[in-house]
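Asker: Got a structure for you, written out below as structure tokens; questions coming shortly.
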């Protein structure tokens, strides 16, 4: 109840919108969603997205944004996109969550200090407005109330997780402020019951302007709900959610809820975790949650208006603190440099700009760093020649003229440049064998770079032999018409031993030609290359 009230107020649509969302969306998502443990409603992450949308388009435009977002979620469900969330890196998710926590805290600074803060602009500007206002007209009571609520929730959660300390803290704040007649700003009148459904029609010409906001809401709803479901599964013993059905349930909830005056909903990780720890085993728990909140509001609406805004600010700040695991952030920052970069980028962009931009930039950074790591995994290693049955003199002679390299890993666009530099840097041989059996994949760029490297070596009088090509790799080379002269000259071999044996023949031919004799089995082209 306190979270629904607080997020409703923070969104700019009022406490009633938050309560409506907790009831309507909570019930629909519980029935039609793909998780038995999820509890849905207004969340901090969605509130961060809502504030600029409300101020830009107003209440009427907001309804259409919600409806469009719901339709997008249902389309994603039928497109079976839900399973792809498992590919998001942990560092991005942690940075995203930590950024949301910072944004929620900054948004609540004005209420925390008991002053009016601006709702538009960056969250740091909202916080600064609150600080400057408090310096001009300092108030002690709101700060003490918020601090007491935060302390009660954080300390209580460590001792008795099943007790709703947020509700107890808000009730205590109401009693203390009323008894001492403290001058604090309160929530105000909240109409009893839930509003009747209504539908407002909009001009189609507005769809283009509203689409980016709808995409942002849908992306955030999908991301937060699926991540919450994954965490809920991990907290339980045998639960396994259906990601695409979960998207459908969230989409349906976001289509219906705005008709009752609610805000966009997602699964709430904080409520879901409490639900699991309290012993939930089926969707009946989340459905009971929604119905209970509705009954409380219907029966106790007159009391809700006495809630101090600073108490709700304390609830949201404590919730933000519980969202972040300092130990996890520290571990990720120390794990690897790419994880630290993704974590920092996502967190900073979330606070400085918006959540969708943060996720996009975080994914871009993750993909670039992943490509860099994969590219670095491509290795060119020199292999020993199989010359055990030859004399020491012959082994020394072959080692002086023949060198075999094994290519390990993917040969694709990100690794192509480094591969070219390594291959063209070979200077200590007259015959080079490239063993390709351990190349995991090859794309058009990698194939062209391989062809360029071969031509570069041949221009220096080096004979290049290839061995161990996989069928799929051969198809790429054939499609691009690369390395055709190697096949026509029979310099491509199925196995490395055959390539080594042919290289020995070439070396012997070079020696024999220098002495004026002839060794069968070597063409005039290779003889010319070896003699230079």
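Residue numbers (our numbering): 1 to 532. Cβ coordinates follow ideal geometry from the N, Cα and C atoms, glycine included.
Three or more beta-carbon pairs under 8 Å between the segment 375-387 and the segment 409-417, yes or no?
Answerer: The segment 375-387, when compared against the segment 409-417, does touch it at the 8 Å Cβ threshold.
Asker: By Cβ distance below 6 Å, which residues in the same chain neighbour residue 314 in space, the five residues on each side in sequence not counted?
Answerer: Cβ within range, chain order: 146, 149, 150.
Asker: At what residues does the beta strand (DSSP E) containing residue 410 begin and finish?
Answerer: Run containing residue 410: 402-411, per the beta strand (DSSP E) assignment.
Asker: Are residue 129 and residue 110 close, meaning C-beta to C-beta below 8 Å?
Answerer: Against a cut-off of 8 Å, the Cβ pair of residue 110 and residue 129 comes out as a contact.
Asker: Let's test the definition: count the other Cβ atoms within 10 Å of the Cβ of residue 19 and tell me whether it reaches 16, buried, or not, exposed.
Answerer: Buried is the call here.
Asker: Closest by CA to residue 259, which one among 59, 87, 320?
Answerer: Checked all of 59, 87, 320; the closest Cα to residue 259 is 59.
Asker: Checking 8 Å against the spacing of the C-beta atoms, do residue 252 and residue 70 come in under that value?
Answerer: Yes, these two residues count as a Cβ contact at 8 Å.
Asker: Count the other CB atoms within 10 Å of the CB of residue 42; is the residue buried (16 or more) or exposed (fewer)?
Answerer: Buried: at least 16 other Cβ atoms inside 10 Å.
Asker: For residue 493, tell me which candidate among 354, 436, 175 has the shortest Cα-Cα distance.
Answerer: If we check each option's Cα against that of residue 493, 436 comes out closest.
Asker: Alpha carbons only, please: which of 178, 512, 486, 338 is nearest the one belonging to residue 362?
Answerer: Nearest of 178, 512, 486, 338 to residue 362, Cα basis: 338.
Asker: Excluding the five sequence neighbours on either side, which residues of its own chain have a C-beta within less than 7 Å of the C-beta of residue 107, listed in chain order?
Answerer: Only 10, 123, 126 meet the Cβ criterion.
Asker: Taking the alpha carbon of residue 266 as the point to measure from, which residue in 179, 48, 497, 278 has its own alpha carbon closest?
Answerer: The candidate whose alpha carbon is nearest that of residue 266 is 48.
Asker: To the nearest angstrom, how far is it from the Cα of residue 249 to the Cα of residue 287?
Answerer: Distance between the alpha carbons of residue 249 and residue 287: 13 Å.
Asker: Under the rule that 16 or more other beta-carbon atoms within 10 Å means buried, what is residue 325, buried or exposed?
Answerer: By the neighbour-count rule (16 or more Cβ atoms within 10 Å), residue 325 is not buried but exposed.
Asker: For residue 1, name the three-state secondary structure that DSSP assigns.
Answerer: Note: residue 1 maps to coil in three-state DSSP.
Asker: Could you give the first and the last residue of the continuous alpha helix (DSSP H) run that contains residue 47?
Answerer: 44-78 is the extent of the alpha helix (DSSP H) around residue 47.
Asker: If you follow the beta strand (DSSP E) that residue 434 is part of, which residue opens it and which one closes it?
Answerer: Counting along the chain, the beta strand (DSSP E) containing residue 434 begins and ends at 431-435.
Asker: Assuming residue 264 contacts residue 66 under a Cβ cut-off of 8 Å, what Cβ separation, rounded to an integer in Å, is found between them?
Answerer: 5 Å between Cβ atoms; contact.
Asker: Could you give the residue range of the alpha helix (DSSP H) that holds residue 454?
Answerer: Counting along the chain, the alpha helix (DSSP H) containing residue 454 begins and ends at 444-459.
Asker: Closest to residue 25 by C-alpha separation, out of 257, 510, 359, 168, would be which residue?
Answerer: Among 257, 510, 359, 168, the Cα nearest to that of residue 25 is on 257.
Asker: Determine the DSSP secondary structure at residue 379, reduced to helix, strand or coil.
Answerer: Residue state, collapsed to three classes: strand.
Asker: Are the Cβ atoms of residue 369 and residue 403 separated by less than 8 Å?
Answerer: The answer is no: Cβ separation not under 8 Å.
Asker: Using DSSP with H/G/I as helix, E/B as strand and the rest coil, what is residue 33?
Answerer: Residue state, collapsed to three classes: coil.
Asker: Rounded to the nearest angstrom, what separates residue 459 and residue 421 at their Cα positions?
Answerer: The straight-line gap from Cα to Cα measures roughly 15 Å.
Asker: Return the chain-ordered list of same chain residues with a C-beta closer than 6 Å to the C-beta of residue 414, the five sequence neighbours on each side being excluded.
Answerer: Excluding sequence neighbours, residue 414 sits near 371, 375.
Asker: In terms of residues, what are the limits of the beta strand (DSSP E) holding residue 385?
Answerer: No beta strand (DSSP E) holds residue 385; DSSP gives it neither H nor E.
Asker: Would you kindly check if the distance between the Cβ of residue 416 and the Cβ of residue 445 is under 8 Å?
Answerer: In contact: residue 445 and residue 416 (Cβ atoms closer than 8 Å).
Asker: Strictly under 8 Å for the Cβ-Cβ distance: is residue 73 near chain B by that measure?
Answerer: The structure shown contains no chain B, having only a single protein chain.
Asker: Out of curiosity, what's the CA-to-CA distance linking residue 12 and residue 21?
Answerer: In a straight line, the C-alpha of residue 12 is about 14 Å away from that of residue 21.
Asker: By how many angstroms is the C-alpha of residue 449 removed from the C-alpha of residue 226?
Answerer: Each residue's alpha carbon lies about 41 Å from the other.
Asker: Using the three-state DSSP reduction, which class does residue 266 fall into: helix, strand or coil?
Answerer: In the structure shown, residue 266 sits in a strand (DSSP, three-state: E or B).
Asker: Short of 6 Å in beta carbon distance, which residues of its chain neighbour residue 3, apart from the five on each side in sequence? Order them along the chain.
Answerer: For residue 3, where only same-chain residues beyond five positions count, there are no Cβ hits under 6 Å.
Asker: Work out the CA separation of residue 312 and residue 97 for me, nearest whole Å.
Answerer: Distance between the alpha carbons of residue 97 and residue 312: 20 Å.
Asker: Quick check: the segment 29-37 against the segment 234-243, are at least 3 beta-carbon pairs closer than 8 Å?
Answerer: Contact holds: three or more Cβ-Cβ distances are below 8 Å.
Asker: Go ahead and pull the three-state DSSP assignment for residue 308.
Answerer: Correct three-state label for residue 308: strand.
Asker: How about residue 101 and residue 321: are their beta carbons less than 8 Å apart?
Answerer: Going by C-beta atoms, residue 101 is nearer than 8 Å to residue 321.
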